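> In the numbering used here, the protein residues as written are 885 to 1112. Structure provided below as C-alpha cells; questions to follow.
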C-alpha cells in the first residue's frame, strides 16, 4: 500500500527532515507515527500525499511511484487519501452537511451522489442530527467527527491523521479513536502521527518511531516509548 525506499528529504535551508527512510505499510494497517517535534513525522505524511517530493529515494502508493506521477494525476491520488487534522480545518460559513459535501464536490460528484453519500457518512460518525449546524455550534469532538466524515466521504484507501486528538479532551479522544478503529476494520489504512502516549500504549498497534529524520524503532503491538 505505502512504500518508502531509502527516502531522504532535505529542505532548501539545509534542514534534513528525513534520512534514508525505508518503510512498508500494508493495506488495512493502523500505524502510529511517534517521536518528538521535528522528528520527521509531518514531512513523511507530506511525502505520502505528494504535497512534497523526496530529495532522494522513492515513495510508492498502490504500486505507483509518486515522483513519476504527472502533476495532472496528483488530484486523483489525493481523492484516495482522507486527511484529518488537529485544527479541524472546517469551512466556517458552511454547515456540517456542506463541509462534507465539499469533499465530494471538488471531485466532480453529482448532486444525486452527494445527497446519497453525505447522510451515510454522517450516520457513520454519529452526526446525522447535526447536519444543518455550523462548525461554531459544535463541540470540539463533533468538529473532529465532521472532519472524519469529510475524510471518508470519497471512500479513501487511506487516512492520514496529524495529531487528531490534540485539541480534544481524553473522553472525546477515545471516542475518536474508536471511530478510526471501526474505519480501519473496514479495510482502510490509517497512519496517525501523535504525541498521545496513553492512546498508543493502550491500543497496541504498530508503532513507527522517528528521531532526527530516521526510523529508530518499528514494532508490532508497540508502545509510545518516549517520556510523557
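Where a beta carbon is used, it is the ideal one built from N, C-alpha and C, also for glycine. All values reported here derive from a predicted model rather than from experimental measurement.
Just reading off the beta strand (DSSP E) that residue 893 is part of, what are its end residues?
Here the beta strand (DSSP E) through residue 893 covers 886 to 894.
> Name the two residues that bound the continuous beta strand (DSSP E) containing residue 1035.
Where residue 1035 is concerned, there is no enclosing beta strand (DSSP E), although the alpha helix (DSSP H) it sits in stretches over 1024 to 1036.
> Note down the Cα distance separating residue 1000 from residue 956, rounded to an integer number of angstroms.
Answer to the nearest angstrom: the Cα atoms are 28 Å apart.
> Please determine, among 995, 905, 900, the residue with the shortest C-alpha to C-alpha distance to residue 890.
Out of 995, 905, 900, 905 has the C-alpha closest to the C-alpha of residue 890.
> In terms of residue numbering, what span does the alpha helix (DSSP H) encompassing residue 983 cover?
Its alpha helix (DSSP H) spans residues 980 to 989.
> Could you spell out where the beta strand (DSSP E) holding residue 904 opens and where it closes?
Unbroken beta strand (DSSP E) run through residue 904: 900 to 909.
> Are the stretch 1037 to 1045 and the stretch 958 to 972 touching by the rule of at least three beta carbon pairs closer than 8 Å?
With a cut-off of 8 Å, the stretch 958 to 972 and the stretch 1037 to 1045 count as touching, because enough Cβ pairs lie within range.
> Can you say whether residue 1100 is buried or exposed, counting buried as having 16 or more other CB atoms within 10 angstroms of its CB?
Exposed, because fewer than 16 other Cβ atoms sit within 10 Å of the Cβ of residue 1100.
> Taking 8 Å as the threshold, find out whether the stretch 1013 to 1031 comes into contact with the stretch 928 to 941 through three or more Cβ pairs.
No: fewer than three Cβ pairs fall under 8 Å.
> Going by C-alpha distance, which of 1064, 913, 933, 985 is nearest residue 1034?
Among 1064, 913, 933, 985, the Cα nearest to that of residue 1034 belongs to 985.
> Checking 8 Å against the spacing of the C-beta atoms, do residue 1195 and residue 1073 come in under that value?
Only positions 885 to 1112 of the chain appear in this structure, which leaves residue 1195 out of reach.
> With a threshold of 8 Å, are at least 3 pairs of Cβ atoms found where one atom belongs to the stretch 1072 to 1086 and the other to the stretch 912 to 923?
Cβ pair count under 8 Å is three or more, so yes.
> With a floor of 4 residues, list each alpha helix (DSSP H) that falls wholly inside the stretch 915 to 998, ordered by position along the chain.
Those alpha helix (DSSP H) runs which fall completely within the stretch 915 to 998 and span 4+ residues are 925 to 932, 958 to 963, 980 to 989.
> Between residue 898 and residue 1094, which are expected to be in contact by the criterion C-beta below 8 Å, what is the C-beta distance as a whole number of angstroms?
Their Cβ separation, rounded to whole angstroms, is 19 Å, which puts residue 898 and residue 1094 out of contact at 8 Å.
> With 16 as the cutoff for other CB atoms within 10 Å, does residue 1108 come out buried or exposed?
Result: buried.
> Where residue 922 and residue 907 are concerned, what is the direct C-alpha to C-alpha distance, given to the nearest angstrom?
Rounded to the nearest angstrom, the two C-alpha atoms are 19 Å apart.
> Tell me the DSSP secondary structure of residue 1100 in three-state form.
In the structure shown, residue 1100 sits in a strand (DSSP, three-state: E or B).
> What residue range is occupied by the uninterrupted beta strand (DSSP E) comprising residue 1075?
Looking at the DSSP string, the run of the beta strand (DSSP E) that includes residue 1075 is 1073 to 1077.
> Is residue 839 helix, strand or coil by DSSP?
With the chain represented from 885 up to 1112, any question about residue 839 goes unanswered, as that position is not in the structure.
> Opposite residue 1093 in the DSSP bridges: which residues?
In DSSP, residue 1093 forms a bridge with 918, 1101.
> Helix, strand or coil for residue 1048 per DSSP?
In the structure shown, residue 1048 sits in coil (DSSP, three-state: anything other than H, G, I, E or B).
> Which of the three DSSP states, helix, strand or coil, is assigned to residue 1062?
Here residue 1062 sits in helix by DSSP.
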